[in-house]
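Chemist: Residue numbers (this note's numbering): 909 to 1160.
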Amino acid sequence: MDRQFKGIVIKEKPTGEKGKLLYVLTESQGVVQVTATGARSISASYLKSVQLFAYSELSVYEKNGRMTLTEASLIESFYGIRSDLSAFAAASYMAELCFLVSVAENDGVLPLFLNALYALANSLAETKLVKAVFEYRLCLILGLAPDFSGCAACGGKGNAFSFAESELFCRDCLPEGEEAFELGDAAVSALDYLNRCARNKILSFSLTGEDKDTFCAFCEKYLLYAADIAPKTLDFYKEIENGILPQSKNDT
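(1) Do Y963 and E979 have their beta-carbon atoms positioned less than 9 Å apart in this structure?
(2) Start and end of the alpha helix (DSSP H) containing S1097?
(3) Does the beta-carbon of P922 have 16 or more other beta-carbons within 10 angstroms, so that it is buried, or is it exposed?
(4) Does DSSP classify K914 as helix, strand or coil?
(5) Quick test of your reading: N1014 and L1048, contact by CB under 8 Å. State the CB separation rounded to the nearest angstrom.
(6) Whole-angstrom Cβ separation of Y1044 and T1141, contact assumed at under 8 Å?
(7) Helix, strand or coil for D1159? Go by DSSP, reduced to three states.
(8) Between the C-alpha atoms of K1065 and F1077, what's the straight-line distance to the nearest angstrom?
(9) Going by the DSSP bridge assignment, what does T934 pair with across the sheet?
(10) Please report the distance separating the alpha-carbon of L960 from that of L1082.
(11) Roughly how many angstroms lie between the CA atoms of Y1130 and L1046, to the nearest whole one?
(12) Tell whether a beta-carbon distance below 9 Å holds between E1034 and K1120.
(13) So, D910 versus S967, is the Cβ gap smaller than 9 Å?
(14) Buried or exposed: S1070, going by 16 or more other Cβ atoms within 10 Å of its Cβ?
(15) List the whole-angstrom C-beta distance separating V948 from K928, where the pair is believed to meet the contact cut-off of C-beta under 8 Å.
(16) Could you tell me which residues DSSP puts in a beta bridge with L982?
(17) Counting along the chain, where does the beta strand (DSSP E) carrying S1070 start and finish?
(18) Do you know offhand how far A952's Cα is from L1022's?
(19) Which two residues bound the contiguous alpha helix (DSSP H) that contains E866?
(20) On the DSSP letters alone, give me the boundaries of the beta strand (DSSP E) that V940 sits inside.
(21) At what residues does the alpha helix (DSSP H) containing E1118 begin and finish?
(22) For T1116, count neighbouring Cβ atoms within 10 angstroms of its own Cβ and tell me buried if that reaches 16, exposed if not.
(23) Can you give, in chain order, each stretch of the alpha helix (DSSP H) that sits fully within the segment 976 to 1053 and has at least 4 residues?
(24) Distance check for E1084 and A995, CA to CA, integer angstroms please.
(25) Leaving out five residues before and five after G938 in sequence, what residues of the same chain have Cβ atoms less than 6 Å from its Cβ?
(26) Determine the extent of the beta strand (DSSP E) in which F1077 is found, giving its start and end residues.
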C-alpha cells in the first residue's frame, strides 16, 4: 500500500551498505519507522530530505507493517542548527524527548518541535529559553502542566511550587514539611502564559536574569519528574552549555 505523510526525522540508524532506518515524528501517527535504501549515498535523490531534523513529505510503500521510502521532498532542513553546537545539542535533546513521549494521540508534538527547530535555526531566542519553553509546552500536550494562575489553596499569589503535589502555593498555604521550588513573579507569569497562549506565540514573552535562570531550571526539572523520563542527550547538552566541548562544530 502506498502512503504519503509529512514528518521530521528525529533519529536515524545505518542499515545495510548505504541505507538508513529513519524514525520520523508525524502529526497523527506518532513516531514511525521508515527504511530508506541508499539514503547514505551522495547520489541519493532524497539525501537532504532524510537527514536528521529534516522536515519532509515522504512517500512510502507499506507491507506487513513495514514502511519503505520510495520518494521524499524536503520542506525545511533547519540548516542553521548545524552551525551552532549548543543549538544542535538542544535539538538532539528535544528529538529524543519526542521519541520517548510521542504517541499517535499527541498531535501537538510535531507543531511544537517545528516551532522550536525554527527558533533555533534562526536564533529567535536564547537556546536555553527555547529548550525550556519546549519542555514546558510538552508537559501541556501530555496533560501534565500545573495551574499557575494562583495558589492552589487560597487563589492568591503563589511562588512556592510543590513537586510532591504538582501545585503552586503561597508560603502560608504550602503543606507543612514540604520542600518547594521558589519561583519569582515573572517566572510564574511566564508559566501561566504558556498554559494559555497559542502555539505560534510560545516565545512572545521575555525573562531576564534570575527569573530566566529559575524558569529554565524549573521547566527541565518538572518535565523529567512529571513524565518520569531520563533522556541521555541531556548530558551532552549540559556539557556544551558548561563549556566542556567547543561551541562551534567547525572549531578545531
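Glycine included, every Cβ here is placed at the ideal spot set by N, Cα and C.
Bear in mind the structure is a predicted one, so any value in this text is a computation, not a measurement.
Modeler: Let's see:
(1) Contact flag unset, no.
(2) Per DSSP, S1097 is one residue of the alpha helix (DSSP H) stretching across 1093 to 1104.
(3) Exposed, since its Cβ has fewer than 16 Cβ neighbours within 10 Å.
(4) K914 falls in the strand class under three-state DSSP.
(5) Wrong, their Cβ atoms sit about 11 Å apart, outside the cutoff.
(6) By a beta-carbon distance limit of 8 Å, Y1044 does not contact T1141. Their separation comes to about 18 Å.
(7) Low confidence applies here, because D1159 scores a pLDDT of 47, under 50, leaving its location unreliable and the question unanswered by this model.
(8) For K1065 and F1077, the distance between alpha carbons rounds to 8 Å.
(9) The secondary-structure analysis by DSSP pairs T934 across a beta bridge with G915.
(10) Computed Cα separation, rounded: 45 Å.
(11) Their backbone Cα atoms lie some 11 Å apart in a straight line.
(12) In this structure, K1120 lies closer than 9 Å to E1034 by Cβ.
(13) The beta carbons of D910 and S967 sit closer together than 9 Å.
(14) Counting of Cβ neighbours within 10 angstroms places S1070 among the buried residues, the total reaching 16 or more.
(15) The sequence given here places Arg at residue 948; Val does not occur at that position. Sure, about 6 Å apart at Cβ, within 8 Å.
(16) L982 is bridged to S964.
(17) 1068 to 1070 is the span of the beta strand (DSSP E), which, as asked, contains S1070.
(18) Taking the CA atoms as reference points, A952 sits about 25 Å from L1022.
(19) Any question about residue 866 goes unanswered here, given that the chain covers just 909 to 1160.
(20) Where V940 is concerned, the enclosing beta strand (DSSP E) starts and stops at 939 to 944.
(21) From DSSP, the alpha helix (DSSP H) with E1118 extends over 1117 to 1135.
(22) Counting Cβ neighbours within 10 Å, T1116 comes out exposed, since fewer than 16 surround it.
(23) Counting whole runs of 4 or more residues, the segment 976 to 1053 contains the alpha helix (DSSP H) stretches 993 to 1009, 1017 to 1029, 1035 to 1049.
(24) The alpha-carbon atoms of A995 and E1084 are separated by roughly 41 Å.
(25) Excluding residues within five positions, the ones whose Cβ falls inside 6 Å are S1010, V1011, A1012.
(26) Per DSSP, F1077 belongs to the beta strand (DSSP E) from 1075 to 1077.
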